[in-house]
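Chemist:
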Amino acid sequence: MTNKFATIAALRSAFSDGSYTPAAAVADALTTITENDPAIHAFLHTYHDTAIAAAKEATAAYEAGTADLPPLLGVPLAIKNNILVKGERATAGSKILENYTAPYDATVVARLRAAGAIFIGSTNLDEFAMGSSTENSAYGPTKNPLAPSRVPGGSSGGSAAAVAMGAAPAAIGTDTGGSIRQPASYCGLVGFKPSYGALSRYGLIAMGSSLDQAGPLTHTVADAELLHTIMAGKDPLDATSYDLSPTAYDKAKPLTIGVPRAFLKDGIDDDVAALFEKHLTEVRALGHQVVDVDLPLFEQGLAAYYIVMPAEVSSNLARYDGIRYGLSVPGDDLLAVYENTRAAGFGDEVKRRIILGTHVLSSGYYDAYYKQAERVRTMMRAELAATFAGVDVIVTPTTPTPAFTFGAQADPLSMYRQDIFTVPVNLAGIPALSFPMGTVQRESDTLPVGVQYSAPIGSDARLLAIGRVLYDERSASTSWTPPQQ
Amino acid sequence: MTKDDVAHLARLSRLALTPTELERYTHEVSSIVEYVSTIKALSGGEKAETPAVGALFNVARPDVVTVPGGSYTESLLAAFPEREGRFLKVKKILSHDE
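Chains A and B supply the protein sequences, listed in that same order. Counted the way this note's numbering counts, the first sequence spans residues 733 to 1217. Counted the way this note's numbering counts, the second sequence spans residues 61 to 158.
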């Protein structure tokens, strides 16, 4: 295998001191993809020519020694294929958008581009980001580069695999119910789901509009923070986006960390539970206080999520009708065009969620399901606000198990349970960070498992600063030597 | 849920289902609905009527054109499945026969 990238920070410093160039980095990234991706399938498309051209310009800028070069100049990034990159295919992992070309950049893409990032390709995902394994991609699953008989997680599985296999130092994903954090956990990476509204959703192919946020998958919390800071902030094109007030973390003060004990009793793999207890012991040894918290509504999160999310999915995906763009399958009349197009264009999981969402929104069921789920959500926010009055952060394992094998979660409900710890975070709109807490052994595979820290809404900067102290300063591997030219 | 219920929902969602899909979704969607029904038992929500999505309400911007006219016209037209010049071609929705 060719040289794997370490951190954005290491890459940037090698570019600045001339020991490595953006042109070499992009060439190495594309070689890594050519050599490894036939087996892994992290990418749906590579942006070969535009990436090489952009890298040439970036290399020239470093050589010219221009002052104040933008923070990501020449850094290769991979982008989940439900985020629009102007002029490139945006399929959302679905056959219905197989030939759809993005007419504009998503705001997060435009901001990364303005900061000098070079997009090397788009990554695979579960269709319309619906899934926890990438097995639902219409273009075939992605394999976990650390254990190819296992899934990389999902739905941002391609983004996680791209970073884990060394094709890019970081990738951008989206998270509606855990789709950044769960693949980060399975692939040994840092994954960050920002507060709802911290980032613009303009140019993200919508799944659950009250839940969706984009975010980074990286090797260190510092890199996640760098990308987040560049992408974040109010955008006139998304009325739900806003500028968060700054929040700081005083390293000298010990943290109070809440553990929802009752929530952790059932359904967690024994090795993951043991690793989590070990993590808590380490955190206590650093002087922090670990206390039990009671979050009964958090435990109802998964049930409420599987009402709110499909309701939003059924509404959002109504736009794919074969008329204005995307796949169009002929029929005898207009209704037949709609029905045939959607039957041929959508996969199993998408159809399942559209039917479920239509049910919970239909007359006679709306009050009992959708309205009740929104009430639970509001009560959950109140419960969280009360809990955060006593603790700085809440901690759980990111996932109840390590990466599973292909086909292991064939039943929809057992697949949904993979997200039990991550979905309440999206319902509440709070930020959450996953970083590796250790590994477990399954046969010959050594599998990473993540720990999830969540914090009050809007305190993204503080949570990332805490993550730097708890992960980067203790265990993140940042050493890297540029390959010989 | 019965097969008729799911067939009705599929019609509402503009999805043509095969008999096999109908059979499978009836089974699967029923078990998901049974699982999510646990939230019906939660009380206290009467006070929590207001849905709280995001931190902002009633965000507006000045009603002015922000991009030059025609900036996106060609890329949007190019995405049409059926096109005639600058027109989108669709199936007839009115008929003289009825």
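Every residue gets a Cβ at the ideal spot worked out from N, C-alpha and C, and that includes glycine.
Using 8 Å as the threshold, is the stretch 89 to 96 of chain B in touch with the stretch 61 to 69 of chain B, meaning 3 or more CB pairs across them?
Modeler: With a cut-off of 8 Å, the stretch 61 to 69 of chain B and the stretch 89 to 96 of chain B count as touching, because enough Cβ pairs lie within range.
Chemist: Per DSSP, which one or two residues make a beta bridge with N876 (chain A)?
Modeler: Partner(s): A:A879.
Chemist: Take Y1098 (chain A) and list the residues in its own chain whose beta-carbon comes closer than 8 Å to its own, dropping the five residues that flank it on each side.
Modeler: Cβ within range, chain order: V1092.
Chemist: Rank A:R913, A:Y918, A:V922, A:T952 by C-alpha distance to the C-alpha of Q945 (chain A) and give the top, closest one.
Modeler: Nearest option by C-alpha distance: A:R913.
Chemist: Let's see if you can read the secondary structure: which residues bound the beta strand (DSSP E) around G1170 (chain A)?
Modeler: G1170 (chain A) -> beta strand (DSSP E) spans 1164 to 1174.
Chemist: Could you say which of A:A756, A:I1189, A:D749 lies nearest to R1113 (chain A) if we only look at CA atoms?
Modeler: Closest option to R1113 (chain A), Cα to Cα, is A:I1189.
Chemist: Would you kindly report the start and end of the unbroken beta strand (DSSP E) that includes D907 (chain A)?
Modeler: Here the beta strand (DSSP E) through D907 (chain A) covers 902 to 907.
Chemist: For chain A, is any of its Cβ atoms less than 8 Å away from the one on E88 (chain B)?
Modeler: Yes, contact with chain A.
Chemist: Does the Cβ-Cβ distance between N856 (chain A) and A759 (chain A) come in under 8 Å?
Modeler: No. Outside cutoff.
Chemist: Do the stretch 1051 to 1063 of chain A and the stretch 1184 to 1203 of chain A touch if we need at least three Cβ pairs shorter than 8 Å?
Modeler: No contact exists between the stretch 1051 to 1063 of chain A and the stretch 1184 to 1203 of chain A.
Chemist: Measure the beta-carbon distance from V794 (chain A) to F747 (chain A) and round it to whole angstroms, keeping in mind my assumption that it falls under 8 Å.
Modeler: The amino acid occupying residue 794 (chain A) in the given sequence is Tyr; Val does not appear at that position. Y794 (chain A) to F747 (chain A), Cβ: 5 Å. Contact.
Chemist: From A:A810, A:F1167, A:G863, pick the residue whose C-alpha is nearest to that of R845 (chain A); which is it?
Modeler: Residue A:A810 is the option with its Cα nearest to R845 (chain A).
Chemist: Using the C-alpha atoms, what's the distance from A790 (chain A) back to G806 (chain A)?
Modeler: Roughly 5 Å between the two C-alpha positions.
Chemist: R71 (chain B) by DSSP, collapsed to three states: which one?
Modeler: R71 (chain B) falls in the helix class under three-state DSSP.
Chemist: Looking at chain B, is there any beta carbon in it that lies within less than 8 Å of the beta carbon of P926 (chain A)?
Modeler: Not one chain B Cβ lies under 8 Å of P926 (chain A).
Chemist: Would you call the stretch 956 to 963 of chain A and the stretch 1083 to 1090 of chain A touching, i.e. three or more CB-CB distances under 8 Å?
Modeler: Segments in contact, no.
Chemist: What is the rounded straight-line gap between the Cα of P1129 (chain A) and the Cα of T753 (chain A)?
Modeler: Near 38 Å, if we compare the C-alpha coordinates of T753 (chain A) and P1129 (chain A).
Chemist: Compute the beta-carbon to beta-carbon distance between G1063 (chain A) and N1072 (chain A), rounded to the nearest angstrom, for a pair I have assumed lies under 8 Å.
Modeler: Contact flag correct, Cβ pair sits at about 5 Å.
Chemist: Near K966 (chain A), what residues of its chain come up, given a Cβ to Cβ distance below 6 Å and the 5 sequence neighbours on each side ignored?
Modeler: Cβ neighbours of K966 (chain A) beyond the five flanking positions: S973, Y974, D975.
Chemist: Using only the alpha-carbon positions, how far apart do I1162 (chain A) and K818 (chain A) sit?
Modeler: For I1162 (chain A) and K818 (chain A), the distance between alpha carbons rounds to 30 Å.
Chemist: Using C-beta distances below 6 Å, list every residue in its chain close to A1076 (chain A), excluding the 5 sequence neighbours before and after it, in chain order.
Modeler: The answer, listed in chain order, is V1061.
Chemist: Who pairs with T778 (chain A) in a beta bridge, going by DSSP?
Modeler: T778 (chain A) pairs with A:G853.
Chemist: Compare the C-beta of K63 (chain B) with all C-beta atoms of chain A and state if any pair is closer than 8 Å.
Modeler: No - not a single Cβ of chain A is within 8 Å of the one on K63 (chain B).
Chemist: DSSP three-state call for P915 (chain A): helix, strand or coil?
Modeler: Three-state result, P915 (chain A): helix.
Chemist: Nearest chain B C-beta to I1010 (chain A) closer than 8 Å, yes or no?
Modeler: In the sequence under discussion, the amino acid at residue 1010 (chain A) is Lys, which differs from the Ile named in the question. No, because no Cβ of chain B sits closer than 8 Å to the Cβ of K1010 (chain A).
Chemist: Answer yes or no: the CB of P948 (chain A) versus the heavy atoms of the ligand ATP, is any distance below 7 Å?
Modeler: Looking for the ligand ATP in the displayed structure turns up nothing, as the structure carries no ligands at all.
Chemist: Let's see if you can read the secondary structure: which residues bound the beta strand (DSSP E) around D1177 (chain A)?
Modeler: Segment 1177 to 1186, the beta strand (DSSP E) holding D1177 (chain A).
Chemist: For a contact meaning CB atoms closer than 7 Å, what does E1071 (chain A) contact in chain B?
Modeler: Within 7 Å Cβ-Cβ: R74, L75, A76.
Chemist: Identify the continuous beta strand (DSSP E) that holds D1024 (chain A) and give its terminal residues.
Modeler: Element bounds for D1024 (chain A): 1021 to 1024.
Chemist: Pull up the distance between the alpha-carbon of S941 (chain A) and that of A930 (chain A), whole angstroms please.
Modeler: So the two alpha carbons sit approximately 14 Å from each other.
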